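Input: a single structure, listed below in structure tokens.
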Amino acid sequence: MWAFPHRAVAQDPAETNAPVSFDAGLADGQAHYERGDFMAAARIWAAAAGLLPEAPEHQANRKALFRYIAGAYQQAFALDASEAIAREAYATLHEYAEGFVRVYPTETVPADIATARDRFLAALPAPESPKPEGPVAAGDDKGTAAPPPSRDRALRGLTIGGGVATGAGAVMLITFIAGLARTKSFQADFDSDSRQCDPDNPVGECRDIWDDGKRAEAVARAGLITAPLLLGAGIAMLVLAKRRQSSHQAFAPVVGPRMTGLVWKLRF
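All letters in the sequence shown, in the order written, are residues 274 to 541 by this note's numbering.
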């Protein structure tokens with residue numbers, strides 16, 4: 274997609290097995306995802322991510338992969354909104370978030386991953402409150418049943434989370450556009466006849482332009498990946514917060530590597 278030529282980087286022979294296995298996991302997970310086996314895709318990608326420790330040299334790969342994992346779980350949950358899927362998805366994404374914060378204490382967990390994790394947490398049943406001990410209130414020998422927990426807090430959380438995710442998605446869209454423009458500018462400067470830069474061995478100012486272009490490319494790619502995920506998740510959460518409660522129909526957000534949107538499910 275990008276115009277900058279690819280350069281192979283020599284690797285330590287002791288480290289070659291992990292990337293090869295990681296790449297195989299990526300391909301296997303993508304094959305399952307395209308067949309519609311979203312749970313298998315999420316689990317295979319999670320296993321592939323486990324091959325790379327949370328370290329600066331693997332940070333970008335793990336971020337991108339856990340975005341795909343979050344999307345696969347959301348696709349699976351849209352088809353079967355079961356507690357088991359929500360619990361597994363939350364545990365997987367929460368484990369990643371904890372490891373990320375532990376290694377990078379000054380950084381924040383990627384917003385789209387955090388939003389997906391929080392949505393799965395909201396889908397889990399609230400823990401039961403302990404039953405009060407002591408004598409039964411006078412005039413009611415059977416006790417009084419506690420009222421069901423209010424849904425106001427969950428709805429407020431969805432509204433706030435949807436607004437934050439939508440706003441963040443708009444910012445990442447702008448980031449993608451700006452990064453793409455900068456990448457093209459650096460590419461044109463690198464390829465200009467006056468520079469005579471060698472793409473296989475850039476030196477001096479050519480090297481500086483090369484490095485600036487790669488950084489701009491990384492910014493653009495990050496915006497391209499995260500903008501649709503954040504916008505799709507944010508809009509879906511806002512719709513969920515406002516829709517009327519019904520036991521027969523529901524909207525479920527769908528966010529994945531190749532699509533974002535809503536699925537309408539009718540129950541008989």
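We put the beta carbon where it would ideally sit given N, CA and C, even for glycine.
These numbers come from a predicted model, not from an experiment.
Query                                                                                                                                                                : Result
Buried or exposed: where does I447 fall if 16 or more other Cβ atoms within 10 Å of its Cβ makes it buried?                                                          : exposed
Evaluate contact between the region 353-361 and the region 322-340, counting only Cβ atoms and requiring at least three cross-stretch pairs below 8 Å.               : no
So does the region 305-316 actually touch the region 460-469, counting three or more Cβ pairs closer than 8 Å?                                                       : no
Is C479 helix, strand or coil by DSSP?                                                                                                                               : helix
Just to confirm my understanding: we take G486, look at its own chain, exclude 5 residues before and 5 after, and list those with CB closer than 7 Å. What are they? : F277, T456, F459, Q460, F463
So what does DSSP say about Y306, is it helix, strand or coil?                                                                                                       : helix
Are the CB atoms of A396 and A359 nearer to each other than 8 Å?                                                                                                     : yes
Candidates G323, P475, E490, A389: which alpha carbon is nearest A509's?                                                                                             : A389
Quick check: what's the CA-CA separation for D385 versus P378?                                                                                                       : 18 Å
Less than 8 Å between the beta carbons of L366 and A351, yes or no?                                                                                                  : no
Can you name, in chain order, every residue of its own chain whose Cβ lies under 8 Å from the Cβ of T439, other than the five neighbours on each side?               : L503, L504, G507, I508, L511
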